[in-house]
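Single-structure report; data block below.
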Amino acid sequence: MDETIRTVLAEHGRLATDANTIDDNADLFAAGMTSHASVNVMLALEDAFDIEFSEQMLKKSTFESIASIRAGVVEMAGS
Amino acid sequence: MNPAPSLLERTRDHSSTGPRSRRRTGSDRPGAPKVRVGVDLVPVVDVAESLERFGARYLERVFTPHEIECCSRADARTRSRAPGYSVESLAARFAAKEATLKVLRPVGWRPDWRSIEVRRTSGGWCEIHLSGRAATLAADAGIDELEVSLTHESMVAVAVVVGRCVGAGGTGGHEPDDPTTQGDA
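Those protein sequences? They're chains A and B, same order as listed.
Numbering follows this note's numbering, in which position 67 of the first sequence is assigned residue number 67; successive positions increment by one, without gaps.
For this note's numbering, count along the second sequence from 1 and bump the result up by 1000.
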């Protein structure tokens, strides 16, 4: 799962640092991810994991780190 | 009869009363409404790439049917780089949504993008209409009026939103904690 998340971030996150090496808990917005890029990340994650983020999941904290994205994907996949 | 001093003259008079005096402008006079301003810039190519990669799913998750219709290629005033849509106009609307968020200052759960709608009036001007959580945030902050201005070139789109805050909510509201909704564009 983490490899897929990092691949999505590398392709869509517009990060200023390497998505393959960034720390699990690093702040992705501080690393350069824009609000518009976070929309692309959300859509790409939905494609990759065959899920759909609910409106309640569309908060900054869901997409602020690899760890929080992982938790969000697990939550949506289990719902 | 001497004419009434202009606002600029009154401000100059006030600021010349000594080094410890504080210049008092329109929004901090007692009883005057507070103003919040948000601005955002979106590269047009970002929207073009999103549209190309995610298609209708991108449009429908971010924009309202009215916004999609306004940005359709059928609008003769736009030049589209993506089939069917003016990506410049879509980018301007996304910038307006983000600029509005900077005015609303949500904490945690962000409003649905579609709850902030850019409506084109019959005169060609645009207005911001809020619904759902975005409307709740505005009400909580005492924001009773929003004005928006959009512009775009072939590379970038920019939007500025001004919100007028009245009542108790205008002095505080939701504190911003989201770097994507603060002034870092």
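Positions of the beta carbon are idealized from the N, C-alpha and C atoms, including for glycine.
These numbers come from a predicted model, not from an experiment.
- Task: Kindly indicate which three-state DSSP category Ile22(A) falls into: helix, strand or coil?
- Result: coil
- Item | Closer than 8 angstroms at the beta carbon, the chain A residues around Val1042(B) | His36
- Message: Against chain A, does Leu1109(B) count as a neighbour if the rule is that its beta carbon must be under 8 angstroms from one of theirs?
- Response: First, the amino acid is wrong: residue 1109(B) is Trp here, not Leu. Yes - at least one Cβ of chain A is within 8 angstroms of the one on Trp1109(B).
- Message: Whole angstroms are fine: how far does the CA of Leu1137(B) sit from the CA of Val1161(B)?
- Response: 15 angstroms
- Return the residues of the segment 1038-1062 of chain B that lie within a Cβ-Cβ distance of less than 9 angstroms from chain A, sorted by chain order. Asp1040, Val1042, Pro1043, Asp1046, Val1047, Glu1049, Ser1050, Arg1053, Phe1054, Arg1057, Tyr1058, Arg1061, Val1062
- According to a CB-to-CB cut-off of less than 7 angstroms, which residues of the segment 1092-1126 of chain B neighbour chain A? Phe1094, Glu1098, Gly1108, Trp1109, Arg1110, Asp1112
- Query: With DSSP run on the structure shown, which of helix, strand or coil describes Ser1080(B)?
  - Reply: Caution is warranted here: a pLDDT of 47 is assigned to Ser1080(B), below 50, making its placement in the model unreliable, and no coordinate value can be reported.
- Item | Residue burial classification, Gly1038(B) (beta-carbon count within 10 angstroms, cutoff 16) | buried
- Taking the C-alpha atoms as reference points, what is the distance between Glu1060(B) and Trp1113(B)? 10 angstroms
- Message: Just to confirm my understanding: we take Ser38(A), look at its own chain, exclude 5 residues before and 5 after, and list those with CB closer than 6 angstroms. What are they?
- Response: Phe63
- Show which residues of chain B have a CB atom less than 8 angstroms away from the CB atom of Ser61(A). What Ser61(A) touches in chain B: Gly1108.
- Task: Give the residues of chain B in contact with Leu43(A), contact being defined as C-beta atoms less than 9 angstroms apart.
- Result: Simply Ser1050, Arg1053, Phe1054, Arg1057, Tyr1058, Arg1061.
- Task: Closer than 6 angstroms by C-beta to Ser1080(B): which residues in its own chain qualify, once you throw out the five before and the five after it? Chain order, please.
- Result: Any answer about Ser1080(B) is weak, because its pLDDT of 47 lies below 50 and its placement is not dependable; what the coordinates show is given next. The answer, listed in chain order, is Arg1073, Ser1086.
- Residue from Asn40(A), Thr17(A), Thr34(A), Asn25(A) whose Cα sits closest to the Cα of Arg70(A): Asn25(A)
- Query: Using CA coordinates, which residue listed in Arg1164(B), Arg1110(B), Ala1099(B), Pro1106(B) is at the minimum distance from Leu1041(B)?
  - Reply: Ala1099(B)
- Should Ala1134(B) and Leu1104(B) be called a contact, given that it needs their Cβ atoms to be closer than 8 angstroms? yes
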